[in-house]
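Protein chains in written order, with the working numbering: chain A, 6 to 339; chain B, 6 to 339. By construction, the Cβ of each residue, glycine as well, lies at the ideal position given by its N, Cα and C atoms. Okay, structure first, notes after.
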């Protein structure tokens, strides 16, 4: 374990990455070293998406939670790698399900190698992670990770079920977000606590922290889809709506706008016929009815809940870094 | 545990199914009971393919291997169900990868609900199985099953890599077959031995039995694609070739036929332009050059190896049933 960076230097997310760069390098090496299938195509395709600028949020949180609970070992290298493989597997399948052409500004694997390869390499990365996780011989690690994967799949199906349908209760929206995004983040946080031999109460607190942070992340991301400067992410605004996905700002708007606006929005979602003019109008309505403010506020409250989950832990650099990471979920511009 | 059926009554595969029908009923109930996602669409889609006449070969072999090793409990109900879920997950993904419209004479899930749902419900069934398997809290069961899943994914990618390419070494063909088909069958057999607390030597012998039987099954299946009465399976002959897949009879033929015939076959595979006339000619060439006989003989030798793997076990009804099941791999007509 390297020397703990000083708490006073951690002010922004960039400071967090800087402070833990060398500790995360081990995760990065594991990610590359582990891509050793005798079937070269697997390594090429997996390497394409794994080297496309992902921020390794899950391995970072796993590491921070482990350090918060006093862990001094290096199991986070392999565990962080495996969590990232699982995350990558879901991205490969998501891109097929969403017909996505771009991810992080680069062509998706399905655009380069086709849907078939993307499905099978996703299966490969997921099953490789499950194969390696069992070698830790920890029933609780197995349980936490398998639970997260199962819920992710359920969240994805629920999201697809509501595709093109704007009449989704907010509770189901939150359930989708919790399962498909927050579950693996929460599992990563809890795994950090597990390898540190933290108490059940601490494990539960860090699981909740990850859950709250993960929901905040996704709600903020869904809101940025109506507000961000598209250049930062290499994709245009309104992507969710174009794909028939109702997210929190839209659900709020549909609950407040006029019947005629509601009909227009429903029609564009169902027929996938959104024009740029429609989008400008919808974003204007969202500002008028306070839908953006509402969604940002919801995300903010999940961040506050995440920070409150850290109450029982001692102050220090890891706690400071986790708080900054939580704040970052609602302050980033993608 | 019900009374053991008498050894003398087990002559054919139908006798095996009859003898163990009531013991397999528990697997069937588990398969249905376990489809309890709050997302109803998951249950509908999974139920569609799980109720489409699959023979539950893997749960049967798991049960027979457990009984062979003296097991008297009922863990095979849930374990058999989970293995069947994993098998079903691979079928859902395979049908997307192969653009398949029919399976067992019924419309595939992707034809009824689309590729997206098939991918995600496949992910769901797989992750549900992995989630439930960890509740057994057996490291060796986790390891055996996760290993099989990982190898299956690798086999699938290797198969896709060779798609449309007739220049595949026979060793790679056998590697694909071993990974994609035999691995989960071998794991099922070994899990039967594990729940019976069988010795490591017995576990290894039954794993090998499953591996040999699984390879025989796939080689025979690939051969039936050039010989079977298509009506039995609800699909026409030559499907593998139409999909650009080279299997054992074709690889043998390509190693023996004239250069002009080889060019014709390569062209049809690469351009996916096989006519019925081409197929009739290719099947004629296979008969002329002994390719069908060669492949049937290879499958036969794997069955013999599987039966030899049972040498160390005591005679009795389970052993008799396993031998009949192994024989069935090369005597069935689909």
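- Of all alpha-carbon atoms in B/116, B/88, B/156, the one lying nearest the alpha-carbon of residue 133 of chain B is that of B/88.
- Secondary structure note for residue 302 of chain B: its alpha helix (DSSP H) is the uninterrupted segment 296-313.
- For residue 135 of chain B, the C-beta contacts it makes with chain A under 7 angstroms involve 135, 151, 154, in order along the chain.
- If you draw a 10 Å sphere on the C-beta of residue 42 of chain A, you find 16 or more other C-beta atoms in it, and that means buried.
- In the structure shown, residue 63 of chain A adopts helical secondary structure according to DSSP, grouped into three states.
- Given a length threshold of 4 residues, each whole run of the alpha helix (DSSP H) inside the stretch 238-279 of chain A is given here in chain order: 244-247, 253-259, 264-276.
- In this structure, the beta-carbon distance from residue 178 of chain B to residue 255 of chain B does not fall below 7 angstroms.
- Here the C-alpha atom of residue 176 of chain B lies approximately 27 angstroms from the C-alpha atom of residue 327 of chain B.
- Taking 7 angstroms as the cut-off, the beta carbon of residue 334 of chain B is found no closer than this to the beta carbon of residue 212 of chain B.
- In this chain, residue 173 of chain B is not harboured by any alpha helix (DSSP H), its DSSP state being neither H nor E.
- Under DSSP, the beta-bridge partners assigned to residue 107 of chain A are A/112.
- With respect to the 7 angstroms criterion, residue 230 of chain A and residue 248 of chain A are not classified as neighbours on the basis of their beta carbons.
- When the beta-carbon positions are compared, residue 253 of chain A and residue 279 of chain A stay at least 7 angstroms from each other.
- Taking 7 angstroms as the CB threshold, residue 147 of chain A lines the interface with chain B.
- Look at residue 45 of chain B here: in three-state DSSP terms it is helix.
- A distance of 7 angstroms or more separates the beta carbons of residue 190 of chain A and residue 307 of chain A.
- For residue 15 of chain A, the secondary structure class from DSSP, reduced to helix, strand or coil, is coil.
- Counting along the chain, the unbroken alpha helix (DSSP H) around residue 212 of chain A starts and ends at 205-229.
- In terms of beta-carbon proximity, residue 195 of chain B stays away from the interface with chain A, with every pair separated by 7 angstroms or more.
- Between residue 173 of chain B and residue 251 of chain B a beta carbon distance of about 5 angstroms is seen, short of the 8 angstroms cut, so the two are scored as contacting.
- Across the set A/210, A/268, A/147, the C-alpha of A/210 shows the shortest separation from the C-alpha of residue 315 of chain A.
- In terms of Cα proximity to residue 275 of chain A, the closest of A/82, A/166, A/194, A/193 is A/166.
- By the Cβ-count criterion, residue 319 of chain B is exposed, with fewer than 16 other Cβ atoms from all chains shown falling within 10 Å of its own Cβ.
- About 19 angstroms separates the CB atoms of residue 157 of chain B and residue 113 of chain B; that is not less than 8 angstroms, and the two are not in contact.
- Residues of the stretch 73-102 of chain B with a C-beta atom less than 9 angstroms from some C-beta of chain A are 94, 95, 98, 101, 102, listed in chain order.
- In the three-state reduction of the DSSP assignment, residue 338 of chain B falls in the coil class, being assigned neither a helical nor a strand state.
- Your pair residue 294 of chain B and residue 258 of chain B checks out as a contact, with CB atoms roughly 6 angstroms apart and the cut at 8 angstroms.
- Beyond the five residues adjoining it in sequence on each side, residue 146 of chain B comes within less than 7 angstroms, by CB distance, of 138, 196, 199 in the same chain, given in chain order.
- For residue 125 of chain B, the C-beta contacts it makes with chain A under 7 angstroms involve 102, 158, 161, 162, 165, in order along the chain.
- Taking C-alpha positions only, residue 76 of chain B is separated from residue 311 of chain A by approximately 49 angstroms.
- Note on residue 30 of chain B: under 16 other CB atoms within 10 angstroms of its CB, so exposed under the neighbour-count rule.
- At a beta-carbon threshold of 7 angstroms, none of the residues of chain A lie near residue 55 of chain B; the nearest stands roughly 16 angstroms away.
- Pairing residue 91 of chain A with residue 20 of chain A, the inter-Cα distance amounts to about 27 angstroms.
- Taking residue 168 of chain A as the centre and dropping the five residues before and after it, the same chain places the C-beta of 249, 250 closer than 7 angstroms to its C-beta, in chain order.
- Sequence-distant Cβ neighbours of residue 81 of chain A in its own chain, meaning closer than 6 angstroms and more than five residues away, are 67, 68, 71.
- Straight through space, the alpha carbons of residue 317 of chain B and residue 122 of chain A are spaced by roughly 42 angstroms.
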